[in-house]
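Engineer:
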């Protein structure tokens with residue numbers, strides 16, 4: 001293997017700083033051919049295992065690392081041999097942990113260039129990051145249950161953090177000691193992608209803690225000022241979506257040192273609020289209104305936010321506008337929005353702190369500030385608070401008004417005497433009200449710009465940086481460590497010890513028999529009476545869970561096949577009997593369990609049990625279950641595999657059918673009767689059968705239409721199925737329409753999604769808002785009808801058919817006439833194209849027949 005003599009050695013500071021020339025810079029094509037030829041060796045794995053890994057983990061610059069990763073992902077996509085796939089996943093695991101990633105990040109940050117070269121490199125870097133970040137999903141889609149543990153969502157997040165941290169650390173130290181300069185756009189893109197994909201992992205929070213520790217004013221690191229400037233620049237280049245996910249946790253985990261003049265949040269973000277439009281809009285127009293706390297006693301987010309805003313360049317104008325906006329939100333208390341005390345306390349604390357900071361700034365340099373407008377809004381809001389029946393809200397209103405007017409009395413002497421007499425008795429309102437007043441009053445003493453603010457004797461210590469770095473290194477390290485299991489160790493005995501224990505047990509039993517006068521020989525069983533086992537229950541019945549909590553624990557902790565099987569077989573029955581009486585938290589927990597359940601032990605009909613139980617849970621808690629499933633369906637790419645999302649869509653669709661009861665059929669007649677139906681009825685029935693997969697029988701003698709009429713139960717929960725499925729949560733865009741197109745090559749997920757949308761529309765028949773639903777999805781239909789994929793076009797025609805089936809003809813003619821005319825024109829054009837194809841091939845396609853039936857149905861409803 002003389003080849004390895006020509007490969008570059010391990011990475012060194014000189015190579016990273018471009019002091020040494022790259023050995024393979026001019027031989028990239030030859031090296032790419034060499035890597036591609038390794039595919040034939042993977043089927044003989046693990047022959048030449050170490051040599052192949054060495055070839056794919058060469059540590060020399062970005063373009064070499066990019067070539068290695070793209071070739072490995074190509075193997076993963078095209079390979080069909082399971083052994084070769086396992087080999088590829090092993091090499092990818094070694095590659096993800098290697099210094100090749102570090103070399104790529106540093107090299108790309110060095111050579112960003114200008115003009116067209118810069119644009120080209122940025123595009124290549126974005127593709128490289130996309131490959132790297134989505135490796136867990138790529139591997140899971142191919143290896144499924146054989147996916148290595150390193151490619152789980154949680155474990156791989158530690159690998160990404162490991163590469164990010166060591167890259168930032170090298171950049172900071174090389175800049176401090178060698179004055180090396182870097183463009184942080186590349187590493188910022190990597191951090192943005194990590195935050196977007198892995199914001200629900202422990203590694204994400206560890207990364208936040210590391211960033212905070214690096215910029216902490218109490219840090220004794222000699223290059224802390226370089227790290228501070230580097231991280232400020234990095235945060236300025238973050239994507240807006242990443243900032244949106246990061247900002248709340250950043251402000252929550254940043255410590256506050258009441259004895260210091262400068263706080264970590266300021267040293268971390270610098271002047272981003274003034275220089276970055278994204279940071280400014282998120283901090284001032286989103287964060288004050290869209291953060292939902294679980295405990296109103298924790299005011300760290302509000303304290304950090306208002307301190308950071310008060311240190312900006314235009315702090316007075318920003319605070320004045322923020323106070324007016326918060327005061328209007330605080331004053332707008334109605335009977336419909338008084339259920340969340342934590343959220344209202346969040347707004348009240350922000351308002352108090354904002355006014356406190358504004359007063360301090362006014363004292364330092366008095367300016368024009370309209371007190372009267374604020375007081376008018378607050379007094380109007382106070383009257384609304386007193387009209388609310390909820391006692392906690394009345395307490396928040398009284399305490400906020402009392403404290404704000406006392407703060408304003410320092411700069412406005414008009415009502416000073418009346419304000420000092422403004423006192424409320426909170427003790428008579430209960431312990432919760434006393435606690436609320438204590439929290440709000442304590443916040444007024446936490447203005448960090450106030451020299452007289454309370455400085456507690458004991459403060460929380462900062463982040464333990466070394467401990468977190470050791471944990472990340474431990475998670476990524478490949479060293480096999482011995483497992484010390486004390487229970488197993490204590491249970492293992494030598495053969496001599498085992499014999500002694502058995503002899504002791506036998507002797508004790510013999511002594512007990514002699515004491516009870518049993519003199520018969522022990523091995524004689526002639527006189528023993530047979531035990532009546534007629535009423536005995538089988539062991540499986542004894543293990544059967546009686547409650548849903550027992551079911552949850554049994555499936556999670558099952559250590560034998562019988563327990564697992566018994567729990568699964570009784571799951572659907574238990575859910576149907578008890579779930580509707582249980583809390584929604586348990587429903588979501590059980591739903592997550594069955595959606596992601598793996599067949600640890602073989603159970604007959606496992607897939608059917610898993611599916612039916614999931615559907616039963618959603619039917620028992622349709623609002624919470626449907627919203628949770630839609631939220632998981634719209635989760636960013638990389639969280640779940642395409643197969644998992646398809647399973648969720650199937651569950652959602654079947655639950656809608658069961659709630660709406662669209663599959664109920666009339667009993668089959670004993671004797672066949674001659675059918676007399678019009679062509680229109682036949683056409684409509686053919687479409688209905690195609691859409692909801694059912695068989696219906698028509699009789700010459702029909703009952704009255706209202707003889708068996710009943711209310712569509714789906715109407716009460718239709719909003720919870722439709723809107724989260726169509727629009728996601730908080731954004732009018734589908735997460736499966738952008739990133740997943742790169743993964744969903746055959747449009748499997750998109751086709752399933754469109755079919756479920758059509759099914760939900762069909763289940764909404766006779767619902768009061770069905771016309772609104774149809775108007776919501778028509779823009780999507782008009783956009784997707786021009787897709788070049790025939791299957792997608794067929795799905796679009798199916799959704800059109802669902803709309804025509806559920807809308808009454810009068811509404812279709814009055815409100816949808818123009819849209820239906822446009823759809824009819826498209827269907828005619830579609831049929832003309834199909835006629836052309838039939839003239840050539842001479843065969844009628846199923847899609848063409850279906851399109852003709854739908855067109856006929858639309859024209860019939862529009863012409864009547």
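In full-length UniProt numbering, the protein residues as written are 1 to 864.
Cβ atoms here follow ideal geometry from the backbone N, Cα and C, with glycine treated the same way.
All of these numbers come straight from a predicted model, not from anything done at the bench.
1. Just mark residue 12 as buried or exposed, buried being the case when its beta carbon has 16 or more other beta carbons within 10 Å.
2. Straight-line CA distance for residue 606 to residue 562?
3. For residue 798, which residues in the same chain have their Cβ closer than 6 Å to its Cβ, ignoring the five residues on either side in sequence?
4. Ignoring anything shorter than 4 residues, give me the alpha helix (DSSP H) runs that lie fully in the stretch 344-422, in order along the chain.
5. Should residue 717 be labelled buried (16 or more other beta-carbon atoms within 10 Å of its own) or exposed?
6. What does the Cβ neighbour count give for residue 46, buried or exposed, with the cut at 16 atoms within 10 Å?
7. Compare the C-alpha of residue 35 against each of 14, 58, 15 and 19 and name the closest.
8. Taking C-beta to C-beta, are residue 446 and residue 303 nearer than 8 Å?
9. Is residue 288 buried or exposed, if buried means 16 or more other CB atoms sit within 10 Å of its CB?
10. Can you tell me which of the three DSSP states residue 90 falls into?
11. Return the first residue and the last residue of the alpha helix (DSSP H) that residue 429 is part of.
12. If you measure between the beta carbons of residue 183 and residue 109, is that distance less than 8 Å?
13. Residue 276 lies in the alpha helix (DSSP H); which residues open and close that run?
14. Could you have a look at residue 529 and say whether DSSP puts it in helix, strand or coil?
15. Taking a contact to mean a Cβ-Cβ separation below 8 Å, would you say residue 586 touches residue 551 in this structure?
16. Buried or exposed for residue 346, please, with buried defined as at least 16 other CB atoms from any protein chain shown within 10 angstroms of its CB.
17. How many angstroms separate the CA atom of residue 343 from the CA atom of residue 263?
18. Leaving out five residues on either side along the sequence, give the residues of the same chain with a beta carbon under 8 Å from the beta carbon of residue 76.
19. Should residue 157 and residue 201 be called a contact, given that it needs their Cβ atoms to be closer than 8 Å?
20. When DSSP labels each residue in this structure, what does residue 596 get in the three-state scheme?
21. If you reduce the DSSP assignment to three classes, tell me which class residue 826 lands in.
22. Going by C-alpha to C-alpha distance, which of 63, 134, 121 and 83 sits closest to residue 103?
23. Please say whether residue 468 and residue 206 have beta carbons closer to each other than 8 Å?
24. Could you say which of 749, 753 and 130 lies nearest to residue 724 if we only look at CA atoms?
25. Which residues in the same chain as residue 382 place their Cβ atom closer than 6 Å to its Cβ, once the five residues preceding and following it in sequence are excluded?
26. Give the straight-line distance between the Cα atoms of residue 123 and residue 569, rounded to the nearest whole angstrom.
27. Could you pull the start and end residues of the alpha helix (DSSP H) that residue 644 belongs to?
28. Specify the secondary structure class of residue 33 as computed by DSSP and reduced to three states.
29. Using 10 angstroms around the beta-carbon of residue 66, count the other beta-carbons present and answer buried if the total reaches 16, otherwise exposed.
30. Fully enclosed by the stretch 41-120, which alpha helix (DSSP H) runs are 4 residues long or longer?
31. Express the C-alpha separation of residue 778 and residue 813 in angstroms, rounding to a whole number.
32. Measure the C-alpha to C-alpha separation of residue 651 and residue 616 and round it to an integer number of angstroms.
33. Alpha carbon to alpha carbon, how far is residue 69 from residue 131? Give it in angstroms, no decimals.
34. By Cβ distance, which residues of its chain are closer than 7 Å to residue 848, with the 5 residues on each side in sequence left out?
35. Using beta-carbon positions only, say whether residue 299 and residue 266 come within less than 8 Å of one another.
36. Could you give the distance in angstroms between the alpha-carbon of residue 154 and the alpha-carbon of residue 476?
Structural biologist: Answer, in terms of the structure:
1. Along the chain shown, one-based indexing puts residue 12 at 12. Exposed, since its Cβ has fewer than 16 Cβ neighbours within 10 Å.
2. Locating residue 606 in the chain shown gives position 606, where the first residue counts as 1. Locating residue 562 in the chain shown gives position 562, where the first residue counts as 1. Cα-Cα distance, rounded: 14 Å.
3. Sequence index remark: in the chain shown, residue 798 carries index 798 (1-based). So the qualifying residues of the chain are 758.
4. 371-386, 391-408 and 416-420
5. As a first step, residue 717 is located in the chain shown; it is residue number 717 there, counting from the start. Buried, since its Cβ has 16 or more Cβ neighbours within 10 Å.
6. The residue labelled residue 46 in the question sits at position 46 within the chain shown. Classification for residue 46: exposed.
7. Indexing the chain shown from 1 puts residue 35 at position 35. Of the candidates 14, 58, 15 and 19, the one whose C-alpha sits nearest the C-alpha of residue 35 is 58.
8. Locating residue 446 in the chain shown gives position 446, counting from the first residue. Locating residue 303 in the chain shown gives position 303, counting from the first residue. The answer is yes: Cβ separation under 8 Å.
9. If you number the chain shown from 1, residue 288 lands on position 288. It counts as buried.
10. Taking the chain shown and counting its residues from 1, the one referred to as residue 90 is at position 90. Residue 90 falls in the helix class under three-state DSSP.
11. Sequence index remark: in the chain shown, residue 429 carries index 429 (1-based). No alpha helix (DSSP H) contains residue 429, which DSSP labels as neither H nor E.
12. The residue labelled residue 183 in the question sits at position 183 within the chain shown. The residue labelled residue 109 in the question sits at position 109 within the chain shown. Taking 8 Å as the Cβ cut-off, residue 183 and residue 109 qualify as a contacting pair.
13. Within the chain shown, residue 276 is the residue found at index 276, counting from 1. No alpha helix (DSSP H) contains residue 276, which DSSP labels as neither H nor E.
14. By 1-based counting over the chain shown, the position of residue 529 is 529. Because residue 529 sits at a pLDDT of 48, beneath the cut-off of 50, its placement in the model cannot be relied upon, and the point is left open.
15. In the chain shown, counting from the first residue as 1, residue 586 sits at position 586. In the chain shown, counting from the first residue as 1, residue 551 sits at position 551. No, the Cβ-Cβ distance between residue 586 and residue 551 is not below 8 Å.
16. Position 346 of the chain shown, counting from 1, holds the residue named residue 346. Residue 346 comes out buried.
17. For this step, residue 343 is matched to residue 343 along the chain shown. For this step, residue 263 is matched to residue 263 along the chain shown. Spanning the two alpha carbons is a distance of roughly 26 Å.
18. Here residue 76 refers to the residue found at position 76 when the chain shown is read from its first residue. Cβ neighbours of residue 76 beyond the five flanking positions: 85, 88, 89, 92, 138, 139 and 142.
19. What you label residue 157 is simply residue 157 of the chain shown in a count that begins at 1. What you label residue 201 is simply residue 201 of the chain shown in a count that begins at 1. Yes; because the gap between Cβ atoms is below 8 Å, this pair is in contact.
20. Along the chain shown, one-based indexing puts residue 596 at 596. Correct three-state label for residue 596: coil.
21. As a working note, residue 826 is residue 826 in the chain shown. In this structure, residue 826 counts as helix in the three-state DSSP scheme.
22. Within the chain shown, numbered from 1, the residue matching residue 103 stands at position 103. Per the Cα distances, 63.
23. The residue given as residue 206 occupies position 206 in the chain shown. The residue given as residue 468 occupies position 468 in the chain shown. Cβ distance < 8 Å, so residue 206 and residue 468 count as in contact.
24. To locate residue 724, count along the chain shown from 1; it is residue 724. Here the closest residue by C-alpha is 753.
25. In the chain shown, the residue the question calls residue 382 occupies position 382. Answer for residue 382: 397 and 401, listed in chain order.
26. As a working note, residue 123 is residue 123 in the chain shown. As a working note, residue 569 is residue 569 in the chain shown. Between residue 123 and residue 569, the C-alpha separation is close to 52 Å.
27. For the purposes of this step, residue 644 is taken as residue 644 along the chain shown, with counting starting at 1. Element bounds for residue 644: 642-660.
28. Position 33 of the chain shown, counting from 1, holds the residue named residue 33. Reduced to three states, the DSSP call for residue 33 is helix.
29. On the chain shown, position 66 is the one that residue 66 refers to. With 16 or more other Cβ atoms within 10 Å, it is buried.
30. 49-56, 61-78, 82-97 and 99-110
31. Start at 1 with the first residue of the chain shown, and residue 813 comes out as number 813. Start at 1 with the first residue of the chain shown, and residue 778 comes out as number 778. Their backbone Cα atoms lie some 15 Å apart in a straight line.
32. In the chain shown, residue 651 corresponds to position 651, counting from 1. In the chain shown, residue 616 corresponds to position 616, counting from 1. Distance between the alpha carbons of residue 651 and residue 616 is about 9 Å.
33. Taking the first residue of the chain shown as position 1, residue 131 is located at position 131. Taking the first residue of the chain shown as position 1, residue 69 is located at position 69. Spanning the two alpha carbons is a distance of roughly 8 Å.
34. Along the chain shown, one-based indexing puts residue 848 at 848. Closer than 7 Å at the Cβ level, and outside the excluded window around residue 848, lie 831 and 834.
35. Residue mapping note: residue 299 aligns to position 299 of the chain shown, counting from 1. Residue mapping note: residue 266 aligns to position 266 of the chain shown, counting from 1. Result no, Cβ atoms of residue 299 and residue 266 do not sit closer than 8 Å.
36. Translated into the one-based positions of the chain shown, residue 154 becomes position 154. Translated into the one-based positions of the chain shown, residue 476 becomes position 476. If I take the Cα positions, the gap works out to 12 Å.
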